[in-house]
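Residue numbers (this note's numbering): 3 to 142. Just so you know, even glycine gets a beta-carbon here, dropped at the ideal spot from N, CA and C. From a predicted model like this one, the values you see are computed outputs, not experimental measurements. For reference, the structure is listed below as structure tokens.
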């Protein structure tokens, strides 16, 4: 009943976190001899759908950029234009970037799916990376 009622107001993820907290509280109460039984022990998690099926439109993206700190902009621009994940972007090294051919070569260890992947760079991201590479070359 609790889960059903809560699902009318909050997401499945929130309900699962609340139930997990209750389970933990009762387990601690058992350990400290405040109670003998955990009434939540048979409660199963609700399947969660965390799928994201919307991307920012170009006007929305353009509106967002001025509000980002400078050190985050390269990551966000790369993610928006390539679909790369955060971990893939921040884990990039120059040996994985081919500016002449215009792609990034991701190895299995770099990806969430553990599958290698070649990500092609459009003119915006390619230019951004070329600028980053040039600046890094200048300052050593």
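Same chain, Cβ closer than 7 angstroms to residue i, neighbours up to 5 away in sequence not counted
i: residue 86; result: 80 and 121
i: residue 83; result: 124, 126 and 127
i: residue 112; result: 90 and 93
i: residue 104; result: 122, 123 and 128
Cβ pair residue i, residue j closer than 8 angstroms
i: residue 144; j: residue 76; result: The displayed coordinates of the chain run from 3 to 142. Any statement about residue 144 would go beyond what the structure contains.
i: residue 42; j: residue 63; result: no
i: residue 90; j: residue 100; result: no
i: residue 19; j: residue 40; result: no
i: residue 66; j: residue 58; result: yes
i: residue 48; j: residue 5; result: yes
i: residue 37; j: residue 31; result: yes
Contact set for residue i: own chain, Cβ-Cβ below 8 angstroms, skip 5 residues either direction
i: residue 15; result: 50 and 52
i: residue 88; result: 77 and 81
Close Cβ partners of residue i (< 6 angstroms) along its chain, the five nearest in sequence each way excluded
i: residue 109; result: 118
DSSP three-state assignment for residue i, whether helix, strand or coil
i: residue 108; result: strand
i: residue 87; result: coil
i: residue 92; result: helix
i: residue 35; result: coil
i: residue 120; result: strand
i: residue 99; result: strand
i: residue 40; result: coil
i: residue 147; result: This structure cannot speak to residue 147, because the chain is shown only from 3 to 142.
i: residue 58; result: coil
i: residue 15; result: helix
i: residue 125; result: helix
i: residue 141; result: helix
i: residue 78; result: helix
i: residue 51; result: coil
i: residue 21; result: helix
Beta-carbon separation (whole angstroms), residue i vs residue j, contact threshold 8 angstroms
i: residue 135; j: residue 96; result: 7 angstroms
i: residue 21; j: residue 45; result: 5 angstroms
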